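Chemist: Starting off with a structure, shown below.
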Amino acid sequence: MELCRIRTFHKSLHLLLHAHAPAPAPSRTLGTLARSPLPLPLPPRRPPLLLRTFASVSSAAGRDLDPPPAPLPPPPPDELASEDDAYYHEHILEATQEDKSRLVPVKAYFPCTSINLKSLQSQNSFNVIPPTSRATNYVVLRYYDVKGDPEGFKAGIIDESHCHYMVVFQYGSIVLFNVSDHEADGYLKIVEKHASGLLPDMRKDDYAVVEKPTLETWMQGGLDFIILRDLSIDGIRTIGSVLGQSIALDYYIRQVDGMVAEFTDINRGMEKTGTFTMERKKLFQLVGKANSNLADVILKLGLFERSDIAWKNANYAQIWEYLRDEYELTQRFGNLDFKLKFVEHNIRFLQEILQNRKSDFLEWLIIILISVEILISVYNIVQEQM
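In the numbering used here, the protein residues as written are -15 to 370.
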């Protein structure tokens, strides 16, 4: 009975800290690069959540960020999370129960396909953190919650728990650190005016960083969270880069899945009727879409380019490699490439059919012209004999 009360208390405490609990997703066993085994087997990761349009998730532009709302009373037992969520929550609570530990929520968004970083930096120059590497496809901005700590701000004492970080990538991803759900809309609104290629819907992925100064190793992995001895700006850049690539890759995978579904319907129609009615212009559009998606994944996302910070520091290389394995970036790109090859095969096949149709049309046209010429010659000969 005492153990049940403790678990109920942990579940209630988590729901106070996190108002939204995402649902579970594909199974994947997580390990620890530091070779320190986890205390218990972990349930599967959760997939990104589908949100409404980028313009609708943000409210009034330029408004000040509101302070966190007052804590709510614990919910009754029938409103608590599922057993899998509670199991995951207990691991985070266990990691943060120790003194001096700090839980930093991380949220990744992909609302558009391009962001003008120059105009974003010029209008938010006071909040931009100077880069420490040669990478130019992202920018890190820091905001301080003055309402949450007015006395400390006046005294010039910066409390890291009141600092909010936003990592913005040129290819469209936005990663927020230490930002609650009700504050995220304001930060997304800051980027909206510099974005182009807004999507009708966007994906959201949740992660967490537990900062534990007493950790014996440099880092330790967990289910949808990572434990670090110290979360620095370089750590934010490293974690943000992987999460930004992952959420963007998910968008391109969905784009290619749509093309695969379209060709699947065409093939099924050909199976029934023995022909297809796609126009040459539509086929060329699919060719361009497939090629641009592959180019964006390789060039814009820099999926196979190692982070400059990871090159310089082995500790951040450890984080970078762990997160890439956690989000299965290499395997997911392999699946994307396989689907693109399927699309390419179908495009080549349909192009050959369209080319044969055009050749047949030209052949019949030539036959008709020759026949007309023969008839005219015969008519002239008959007229001369008369």
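C-beta: ideal position from N, C-alpha, C; glycine also. Just so it is clear, the structure is predicted and the values come from calculations on it, not from any experiment.
1. What do you get for W348, buried or exposed, if any count of 16 or more other CB atoms within 10 angstroms of its CB means buried?
2. Check the C-beta distance from A92 over to D208 and give it rounded, since I have them as a contact under 8 Å.
3. Quick one: Cα of Y171 to Cα of M150, how far?
4. From E263 to D321, what does the alpha carbon distance come to, in whole angstroms?
5. Can you tell me which of D214, L338, D241, N277 puts its alpha carbon nearest to the alpha carbon of S85?
6. Reducing DSSP to helix, strand and coil, say where H146 ends up.
7. Using 8 Å as the threshold, is the segment 220 to 230 in touch with the segment 149 to 167, meaning 3 or more CB pairs across them?
8. For T97, which of helix, strand or coil comes out of DSSP?
9. Could you tell me the alpha carbon to alpha carbon distance between F326 and I358, rounded to whole angstroms?
10. Measuring alpha carbon to alpha carbon, tell me which of F110, Q367, A294 ends up nearest G224.
11. P115 to Y300, Cα distance in whole Å?
12. Could you tell me which whole alpha helix (DSSP H) segments of length 4 or greater appear in the segment 273 to 303?
13. To the nearest angstrom, report how far apart L49 and Y155 are at their CA atoms.
14. Could you give the DSSP three-state label for G46: helix, strand or coil?
15. Say whether the segment 89 to 105 touches the segment 173 to 184, bearing in mind that this needs 3 or more beta-carbon pairs closer than 8 Å, one atom from each stretch.
16. What are the residues that DSSP puts in a beta bridge with Q204?
17. Since G181 is in the beta strand (DSSP E), which residue starts that stretch and which ends it?
18. On the three-state DSSP scale, how would you describe L267?
19. Using 8 Å as the threshold, is the C-beta distance between S157 and I211 below it?
20. Determine contact between the segment 118 to 131 and the segment 192 to 205, defined as no fewer than three beta-carbon pairs at a distance below 8 Å.
21. Which whole-angstrom value describes the C-beta separation of V226 and N277, a residue pair presumed to lie in contact below a C-beta threshold of 8 Å?
22. Starting from R221, trace the alpha helix (DSSP H) in both directions and tell me its first and last residue.
23. Taking the beta strand (DSSP E) that R126 falls in, what are its first and last residues?
24. In the DSSP assignment, what residue or residues form a beta bridge with L160?
25. Does V281 pass the burial test, meaning 16 or more other C-beta atoms within 10 Å, or should it be called exposed?
26. So, helix, strand or coil for R86, using DSSP?
27. Between N364 and S355, what straight-line distance do the alpha-carbon atoms span, to the nearest angstrom?
28. Could you check the C-alpha separation between T201 and V90 for me, to the nearest Å?
29. Assuming contact is defined by CB atoms lying nearer than 8 Å, are Q229 and L283 in contact in what I supplied?
30. From W304 to S291, what does the alpha carbon distance come to, in whole angstroms?
31. Report the residue from D185, L160, M243, S117 whose alpha carbon sits nearest the alpha carbon of N330.
32. Taking the alpha helix (DSSP H) that S343 belongs to, which residues open and close that run?
33. Just to confirm my understanding: we take F260, look at its own chain, exclude 5 residues before and 5 after, and list those with CB closer than 8 Å. What are they?
34. Nearest by alpha-carbon distance to N297: which of F94, P95, S117, V88 is it?
Modeler: In terms of the structure at hand:
1. exposed
2. So it is not a contact: roughly 12 Å between Cβ atoms.
3. 8 Å
4. 26 Å
5. D214
6. helix
7. yes
8. strand
9. 48 Å
10. Each of F110, Q367, A294 was checked against the Cα of G224, and the nearest Cα belongs to A294.
11. 16 Å
12. 292 to 296
13. Confidence at L49 is low in this model, with a pLDDT of 41, below 50, so its placement is unreliable and the value that follows should be read with caution. Answer to the nearest angstrom: the Cα atoms are 26 Å apart.
14. Annotation note: pLDDT 40 at G46 (below 50); position unreliable, coordinate value reported separately. Of the three classes helix, strand and coil, the one that applies to G46 here is coil, per DSSP.
15. yes
16. Answer is I211, bridged to Q204.
17. 179 to 195
18. Assigned with DSSP and collapsed to three states, L267 falls in helix.
19. no
20. no
21. Not a contact, Cβ separation roughly 20 Å.
22. 217 to 257
23. 122 to 128
24. K91, M150
25. buried
26. strand
27. 14 Å
28. A straight-line Cα-Cα distance of about 22 Å links T201 and V90.
29. Going by C-beta atoms, Q229 is not nearer than 8 Å to L283.
30. 8 Å
31. For N330, the nearest C-alpha among the options comes from M243.
32. Unbroken alpha helix (DSSP H) run through S343: 313 to 369.
33. Contacts found: I250, G253, M254, L334, I337.
34. Here the closest residue by C-alpha is S117.
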